[in-house]
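Undergrad: One structure follows; several queries about it will come next.
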Amino acid sequence: MVGTGLAAAFRPVLCCTGTLSFLFVQMGCKPAAKTLDESEFQSLSSQSVRDSILSSVKCIIPAPPPYKWLWLGVNHKDNKLGIALMQHYMGCSGSAFNLSEKEFRNLPLAIIIRSSGSNYFSRNFFGKLHSSGQNQAGSLIGSVDESVIAKATYGNTLGNFTLKLKGSLKWKMVNSGSLIPRFEGKAKVRDNYDFNPSGSTLKNSWRGEAEARVRIAHVALPGKAFAIESDWFDFSFDFPYGNNVDDGPNEFVGTIQRGKYQGTGYSDFGKKVIWSLVYELNSGEWDKASASDKIRMVVATMLRFKSYFEGSMPLPPY
């Protein structure tokens, strides 16, 4: 989010002299990069610092900068949106984040079709959908004015979110000579950026590892939930009819936008930390641990793989 006016011109800047860092305000100055030394990272191992992290998770007190730094490093350096959203979360303001059209179009997106879906976005509609000889390319199937569930398949961005659609559904001719439905109209995003676990079990949940990551962040990532919103913008997509991934009898997930981003959105450091913590969670050790012990497990895991973090991404001050 970019501020405007006089207030936005005064920005906090971290400046380093040798091993000392200090914070000052300078008008119109570009933020300088900050480097944390080994002692700052290792300070996270002390009980007193871990206790402060526990208090910072719900924004009671600020989290130690090295701990924030490590969490931001979970993201791949090209995951600009994931970094921006996590920074906003750790800022603890709770203010809404306005998602730009460019940020939206960069994301790989899928639509979730469920039995409980309405109108043209239900499992029942997709199951019966077919083109008869009377239909022609461009002919109208129906008008659309509803909300659907979509998800961004790129780490720490939108996850599952509400996509409001207004427009029309028409038949489109594809290379095979068959007709498929195509939506053309406008879209608007509404999401809550939080890390609240669902009530589903990990083994039976179609979210799988994503749900495990949410449960870890819920306990250990400092920050405050906020709304993500966008303006209305032009949007169109081919229905993933006949080209979907089934996730059980009640729903399936199909791609509606390839996006610019490739990969998972996580850095090598992030992947190793997440995989290790997910293993702890699935082994049952996580559920047995107290909140303080869970923080200890997260800190120890991050420090164990810190060598991957050091070369993963240079991060600006926040």
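Numbering follows our numbering, in which position 53 of the sequence shown is assigned residue number 54; successive positions increment by one, without gaps.
The beta carbon of each residue, even a glycine, is placed where N, CA and C say it ideally should be.
In this text, all values refer to a predicted model and were calculated from it rather than measured experimentally.
Bridge partners of W172, per DSSP?
TA: If you number the sequence shown from 1, residue 172 lands on position 171. P182, per the DSSP bridge assignment.
Undergrad: Classify T256 as helix, strand or coil using the three-state DSSP reduction.
TA: As a first step, residue 256 is located in the sequence shown; it is residue number 255 there, counting from the start. Reduced to three states, the DSSP call for T256 is strand.
Undergrad: If you drop the 5 nearest sequence neighbours on each side, which residues of the same chain put their C-beta closer than 7 angstroms to that of P250?
TA: Here residue 250 refers to the residue found at position 249 of the sequence shown. Below a pLDDT of 50, predicted positions are generally treated as unreliable, and P250, at 47, falls in that range; the measurement from the model is reported next regardless. Nothing meets the Cβ criterion.
Undergrad: So for N283, helix, strand or coil by DSSP?
TA: If you number the sequence shown from 1, residue 283 lands on position 282. The answer is helix: DSSP assigns N283 an H, G or I state.
Undergrad: Excluding the 5 residues flanking N76 on each side, which residues of the same chain have their C-beta closer than 8 angstroms to its C-beta?
TA: The sequence position of residue 76 within the sequence shown is 75, counting from 1. Once the five neighbours on either side are set aside, the close Cβ partners of N76 are G83, I84, M87, G156, N157, G266, Y267, S268, G271, M314.
Undergrad: Quick one: measure Cβ to Cβ for D229 and L100, integer angstroms, because I've assumed they're closer than 8 angstroms.
TA: For this step, residue 229 is matched to residue 228 along the sequence shown. For this step, residue 100 is matched to residue 99 along the sequence shown. Before going further, note that residue 229 is Ile rather than Asp in the sequence given. Confirmed, Cβ separation roughly 5 angstroms.
Undergrad: Might you give, ordered along the chain, the residues of its own chain that have their beta carbon closer than 8 angstroms to the beta carbon of S293, omitting 5 neighbours on each side?
TA: As a working note, residue 293 is residue 292 in the sequence shown. Once the five neighbours on either side are set aside, the close Cβ partners of S293 are R51, D52, L55.
Undergrad: Below 8 angstroms, how does it come out for the stretch 135-144 and the stretch 165-174: are there three or more Cβ pairs, yes or no?
TA: Segments in contact, yes.
Undergrad: On the DSSP bridge list, what partners appear for E230?
TA: Numbered from its first residue, the sequence shown carries residue 230 at position 229. Per DSSP, N99, R191.
Undergrad: Is it buried or exposed, R305, if we count other Cβ atoms within 10 angstroms and call 16 or more buried?
TA: Start at 1 with the first residue of the sequence shown, and residue 305 comes out as number 304. So R305 ends up on the exposed side.
Undergrad: Just to confirm, are V145 and T163 a CB contact at a threshold of 9 angstroms?
TA: Here residue 145 is taken as the residue at index 144 of the sequence shown, counted from 1. Here residue 163 is taken as the residue at index 162 of the sequence shown, counted from 1. No.
Undergrad: I'd like the list of long-range same chain contacts for K261, defined as Cβ closer than 7 angstroms, with 5 residues on each side in sequence excluded.
TA: Taking the first residue of the sequence shown as 1, we reach residue 261 at position 260. Hits under 7 angstroms: N107.
Undergrad: Can the beta-carbon of W91 be found less than 9 angstroms from the beta-carbon of L222?
TA: Looking up residue 91 in the sequence shown gives position 90. Looking up residue 222 in the sequence shown gives position 221. Note on identity: in this sequence residue 91 is Met, with Trp being the wrong assignment. Closer than 9 angstroms, so yes.
Undergrad: Give me the Cα-Cα distance between S277 and V190, rounded to the nearest whole angstrom.
TA: Within the sequence shown, residue 277 is the residue found at index 276, counting from 1. Within the sequence shown, residue 190 is the residue found at index 189, counting from 1. C-alpha separation (whole angstroms): 33 angstroms.
Undergrad: Between L282 and the rest of its own chain, which residues show a CB-CB distance below 8 angstroms, the 5 nearest in sequence each way excluded?
TA: Here residue 282 is taken as the residue at index 281 of the sequence shown, counted from 1. The residues are L203, A213, R216, I217, D288.
Undergrad: Short of 8 angstroms in beta carbon distance, which residues of its chain neighbour N197, apart from the five on each side in sequence? Order them along the chain.
TA: The sequence position of residue 197 within the sequence shown is 196, counting from 1. Within the same chain, N197 has close Cβ partners V215, H219, A226.
Undergrad: By Cβ distance, which residues of its chain are closer than 6 angstroms to V299, with the 5 residues on each side in sequence left out?
TA: Taking the first residue of the sequence shown as position 1, residue 299 is located at position 298. Excluding sequence neighbours, V299 sits near A221.
Undergrad: Rounded to the nearest angstrom, what separates V58 and Y121 at their Cα positions?
TA: As a position in the sequence shown, residue 58 is number 57, starting the count at 1. As a position in the sequence shown, residue 121 is number 120, starting the count at 1. Using only the alpha carbons, I get a separation of about 41 angstroms.
Undergrad: Check each candidate in K307, R297, Y309 and name the one with the smallest Cα separation from S47.
TA: As a first step, residue 47 is located in the sequence shown; it is residue number 46 there, counting from the start. It is R297 whose Cα lies nearest to the Cα of S47.
Undergrad: Which of helix, strand or coil does DSSP assign to S57?
TA: Position 56 of the sequence shown, counting from 1, holds the residue named residue 57. Here S57 sits in helix by DSSP.
Undergrad: Who are the Cβ neighbours of A111 in its own chain at under 7 angstroms, not counting the five residues just before and after it?
TA: Numbered from its first residue, the sequence shown carries residue 111 at position 110. So the qualifying residues of the chain are A151, K152, T154, V254, G255, T256, I257.
Undergrad: Going straight from the alpha carbon of M174 to that of L180, what length do you get?
TA: As a first step, residue 174 is located in the sequence shown; it is residue number 173 there, counting from the start. As a first step, residue 180 is located in the sequence shown; it is residue number 179 there, counting from the start. Going by the C-alpha atoms only, they are around 5 angstroms apart.
Undergrad: How is the alpha helix (DSSP H) around S300 delimited, first residue to last?
TA: Here residue 300 is taken as the residue at index 299 of the sequence shown, counted from 1. Correcting the residue type first, residue 300 is Val in the shown sequence and not Ser. Counting along the chain, the alpha helix (DSSP H) containing V300 begins and ends at 292-305.
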